[in-house]
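Trainee: There's a structure below that I have some questions on.
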């Protein structure tokens, strides 16, 4: 006798947990199966060296949606919020960005940045409205979809004539042209360029990198926080909320396949051979893994499978974790500065040049880096007086030519240390232990195809109504009973919970108002 | 660097030289890269060979794909709308395949050559679509149009002609069946299939032995009125048989640009090929929805009064033209064998049910001047031409 559930969630990433909690709150009998030994997916805190812990994938919180916190009645404790960003200079002339204010640049640049920030924030607010709702379907006569499309048009129009023009001009544009037009400071240009491409397989000259910049900004107007206890704290609270609502969450239970019988989903089978029954299976896994591996392409129709097959989902960001016996010295840094989000990106061309080798399957020899010392805010992550550094290193392509051999990994790691040593001359002496996670490692640890943060590249052709693919952008897959709720769906990655929340609403509203 | 010479211009079929030798009118056209005869004598003479004796048509340019691999059956079953698990080795299935929107990509025949090995034949090329459909299946699709020479041998005396070749098992070969025989030291596949709606066969073999087959065939058919034919005569026969043809009754869905210009199987009278008991096939979800909500078009076979072919005519519900048209004729002809003015038409639902009367607007020219006539037409259910010999097994000798 197999157990029957109203819904089974495959994966307890933050989106899966949000979805599970909302379904459970609505009175559904919910089971969540997670392969890893703890919940959170790519939002986890774990030890990487004895007594040193780090947020293993996502490391800063900037997109968690207030709606999610409200619905799940959680408020994650923050070790620091609204932390500034510092773009490192080799000559100690660092550029400090906090909200709309920039220090370390000429007055004209500071003024320009204020205007730029104001406008971008305005556009991001518009985008945010879209993120917290399932996208409307195109090409239907459903009143709900047409109404949603009309509202979308209206909200763009309501920006006013000039801003609407500007929005439509910018949205498909690359960030490189935009920063070149506006700012004289190379570090400022580099910082904005890096923010636009973090976690993507895009360079600042790639199309729609203004959109990716806005996407990042849309989460929480660009405000960055460090949760107490690392990123793992957020899913832990989500899981608590889901359990309180009655969801059954089982970790260490990898799902082998989603069971399909006579053209509809009927449950899941675990690697251990256990079968759980449900007519609603919600996959928190990425679209490719869900369709090609968990379900199997043959249960879908050709065009859909082809679109999923061609979904661009190859990660290009590596994580480097360093255990440090003390903070490294950085010229021109005050104690407070170590609590900032720190960027290594000389200018926009540095970012683009770092991207160049990745196009040909090589890692950057002069990478761009986003790093933080989370232990500055949260002493629980390292032994007293000691610290951890968490760095996102770009670019390190998933499909490295010749593969991620030990030599290639060492090569990338050396390049990272070398790059950082230019700003932190004593870094190497401070390192007690280290860890490098290439996209291949991220794929293996977090079960994300291609090791891509966003499960699928963030680009206009994989965005909104066509995310992950056209015809399946509303969480419901073209197989009865199957839903997606992860970053591969609208609105994409980042620890926001919006995809999980939208998916839950879609599932609960099935059959209504169409 | 030495480069291979690339073939330029139209490809000559392995039967080209034999056809050219018989040709009296020099009327050729291009068919998927091959040069193919419109007519070799005159279409009417050739048409009567189909209906009264034996016609031989060069089928080589028809698109052929070999489908092999452990998942060949599962692959085809997902590809087409009908249940392929019922098609045993040695059987042939007429099938239609759709895109995800339930719109017809093409129709064709699928030959179950031997266990797990198939040949899919169609008018158009579909390698891209067939290849896309392999994702997730352990299957290989090979384009083999050029590797297989094919002849259609059709007409009331075709059984006698082929019997004269001494093909063992021919008498027992049922419609939509195939058999493998040896012929002059080579493998010859014989299938009881065709596009004429009459008794007939199709022969498939190695192009190197094509001329030998042709010669033996014409020798065997000397006293049975055997005649080589071109596409024009075949076109007449297929309209009488009520068969749809791509670019006449429908466009491949992937080639349409405007919405509403593609067709579902229901709209082409092929609902009988759609098997909803299969849990998944391309177009299933869309077709199930269409089945619930209704479809737009219906394929109607029209028996029209008078003798003026209704080429390109509008179809009306009422005789008075200003009441709005309900569709258009896609293929039309005066049928010599039925003695009827017939047409295939695309008619908007709910019109076009069998037994209904509709009106077609026929334009015709008399000494330069155009005339118009509203002709009454009856929608008929059955093919215009369906002789008992088409399915009689064993067929009679003539």
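Chains as they are written, first to last, in the working numbering: chain C, 1112 to 1625; chain S, 16 to 413.
Backbone N, C-alpha and C define an ideal beta-carbon position, used for all residues, glycine too.
1) My guess is that residue 1568 (chain C) and residue 1311 (chain C) are in contact by the Cβ rule of under 8 Å, so how many angstroms apart are they, rounded?
2) Confirm the yes/no value for this check: CB of residue 1279 (chain C), any heavy atom of the ligand HEM, distance under 7 Å.
3) Establish whether the CB of residue 150 (chain S) and some CB of chain C are separated by less than 8 Å.
4) Give me the subset of the region 1396–1422 of chain C whose CB atoms are less than 8 Å from a CB atom of chain S, sorted by chain position.
5) Beta-carbon within less than 7 Å of residue 1592 (chain C)'s beta-carbon, same chain only, minus the 5 sequence neighbours each way: which residues are those?
6) Given a cut-off of 8 Å on the beta-carbon distance, is the pair residue 1145 (chain C) and residue 1453 (chain C) in contact?
7) Hey, is residue 115 (chain S)'s beta-carbon within less than 8 Å of any beta-carbon in chain C?
8) Count the C-beta pairs between the region 1480–1488 of chain C and the region 1404–1415 of chain C that are closer than 8 Å, then say yes if the count reaches three, no if not.
9) Could you tell me which chain C residues have their CB closer than 9 Å to the CB of residue 154 (chain S), listed as they occur along the chain?
10) Along the chain, where does the beta strand (DSSP E) that runs through residue 356 (chain S) open and close?
11) Compute the Euclidean distance between the alpha carbons of residue 227 (chain S) and residue 34 (chain S), then round it to the nearest angstrom.
12) Taking residue 287 (chain S) as part of the beta strand (DSSP E), name the residues at either end of that continuous run.
13) Going by the CB atoms, is the gap between residue 1368 (chain C) and residue 1405 (chain C) shorter than 8 Å?
14) Taking residue 1250 (chain C) as the reference, which of C:1243, C:1294, C:1260 and C:1148 has the closest Cα?
15) Chain S partners of residue 1374 (chain C), CB-CB under 7 Å?
16) Between residue 54 (chain S) and residue 73 (chain S), what straight-line distance do the alpha-carbon atoms span, to the nearest angstrom?
17) Please list, in chain order, all residues of the same chain as residue 1139 (chain C) whose beta carbon is under 6 Å from its beta carbon, the five residues on each side excluded.
18) Enumerated in chain order, which unbroken segments of the beta strand (DSSP E) with a length of 3 residues or greater are wholly contained in the region 142–168 of chain S?
19) Output yes or no for whether 8 Å exceeds the beta carbon distance between residue 1562 (chain C) and residue 1553 (chain C).
20) Could you have a look at residue 1612 (chain C) and say whether DSSP puts it in helix, strand or coil?
21) Which residue from C:1438, C:1432 and C:1366 puts its Cα closest to that of residue 1534 (chain C)?
22) Would you say residue 1589 (chain C) faces chain S, with C-beta separation under 8 Å as the test?
23) Is the shortest distance between the beta-carbon of residue 89 (chain S) and the beta-carbons of chain C less than 8 Å?
24) Beta-carbon of residue 93 (chain S) versus every beta-carbon of chain C: anything under 8 Å?
25) Would residue 422 (chain S) count as contacting chain C if we go by Cβ distances under 8 Å?
26) Looking only at its chain, what residues have a beta carbon closer than 8 Å to the beta carbon of residue 99 (chain S), apart from the 5 residues adjacent to it on each side?
27) Measuring alpha carbon to alpha carbon, tell me which of C:1234, C:1247, C:1269 and C:1113 ends up nearest residue 1585 (chain C).
28) So, under 8 Å CB-CB, residue 1429 (chain C) and residue 1547 (chain C) are touching, yes? Tell me the CB distance rounded to an integer number of Å.
29) With DSSP as the reference, label residue 375 (chain S) as helix, strand or coil.
30) Residue 1585 (chain C) by DSSP, collapsed to three states: which one?
31) Could you tell me if residue 1625 (chain C) is buried or exposed, where buried requires 16 or more neighbouring beta carbons within 10 angstroms of its beta carbon?
32) Using the beta-carbon of each residue, which ones in chain C are nearer than 8 Å to residue 298 (chain S)?
33) Round the Cβ separation of residue 372 (chain S) and residue 393 (chain S) to the nearest angstrom and send it over; I've been treating them as touching at under 8 Å.
34) List the DSSP bridge partners of residue 79 (chain S).
35) Could you check whether residue 1278 (chain C) and residue 1234 (chain C) sit closer than 8 Å to each other, using their CB atoms as the reference points?
36) CA-CA distance, residue 94 (chain S) and residue 148 (chain S)?
Mentor: Per the coordinate set shown:
1) About 6 Å separates the two Cβ atoms, so the contact holds.
2) Ligands displayed in this structure: none; no statement on the ligand HEM is therefore possible.
3) Contact of residue 150 (chain S) with chain C is assigned, a C-beta pair being separated by under 8 Å.
4) From the region 1396–1422 of chain C, only 1403, 1407, 1408, 1409, 1410, 1411, 1412, 1413, 1414, 1415, 1416, 1417 and 1420 have a Cβ closer than 8 Å to chain S.
5) Excluding residues within five positions, the ones whose Cβ falls inside 7 Å are 1375, 1376, 1390, 1391 and 1392.
6) No; because the gap between Cβ atoms is not below 8 Å, this pair is not in contact.
7) Under the Cβ criterion of 8 Å, residue 115 (chain S) is counted among the residues facing chain C.
8) Result no; under three Cβ-Cβ pairs closer than 8 Å.
9) Ordered by position in chain C, no residue passes the 9 Å Cβ test against residue 154 (chain S), which lies about 10 Å from the chain.
10) If you look at residue 356 (chain S), you'll find it in the beta strand (DSSP E) that goes 355–363.
11) For residue 227 (chain S) and residue 34 (chain S), the distance between alpha carbons rounds to 13 Å.
12) Secondary structure note for residue 287 (chain S): it is in no beta strand (DSSP E), with a DSSP letter that is neither H nor E.
13) Here residue 1405 (chain C) is near residue 1368 (chain C), since their CB atoms are less than 8 Å apart.
14) If we check each option's Cα against that of residue 1250 (chain C), C:1260 comes out closest.
15) Those within 7 Å of residue 1374 (chain C) in chain S are 294 and 295.
16) Each residue's alpha carbon lies about 12 Å from the other.
17) Close CB contacts of residue 1139 (chain C) within its chain, under the 6 Å cut and outside five residues either way in sequence, are with 1117 and 1118 (chain order).
18) Within the region 142–168 of chain S, the runs of beta strand (DSSP E) at least 3 residues long that lie entirely inside it are, in chain order, 155–158.
19) In this structure, residue 1553 (chain C) lies closer than 8 Å to residue 1562 (chain C) by Cβ.
20) The three-state reading of DSSP puts residue 1612 (chain C) in helix, counting H, G and I together.
21) Comparing C-alpha distances from residue 1534 (chain C) to each of C:1438, C:1432 and C:1366 shows the shortest one belongs to C:1438.
22) For residue 1589 (chain C), a Cβ of chain S is located within less than 8 Å of the residue's own Cβ.
23) By this cut-off, residue 89 (chain S) is an interface position.
24) Taking Cβ atoms only, chain C reaches closer than 8 Å to residue 93 (chain S), which makes this a yes.
25) Past the edges of chain S, shown from 16 to 413, lies residue 422 (chain S), and the structure says nothing about it.
26) Same-chain partners within the cutoff: 88, 91, 92, 108, 110 and 125.
27) Comparing C-alpha distances from residue 1585 (chain C) to each of C:1234, C:1247, C:1269 and C:1113 shows the shortest one belongs to C:1247.
28) Right, the Cβ-Cβ distance comes to about 6 Å (below 8 Å), so this counts as a contact.
29) Residue state for residue 375 (chain S) is assigned as strand, using DSSP reduced to three classes.
30) Collapsing the DSSP output to three states places residue 1585 (chain C) in coil.
31) Confidence in residue 1625 (chain C) is poor, its pLDDT being 39 and thus under 50, which makes the residue's placement too unreliable to answer from.
32) 1412, listed in chain order.
33) Right, the Cβ-Cβ distance comes to about 6 Å (below 8 Å), so this counts as a contact.
34) S:136, per the DSSP bridge assignment.
35) Yes, they are a contact pair.
36) In this structure, the alpha-carbon of residue 94 (chain S) lies about 7 Å from that of residue 148 (chain S).
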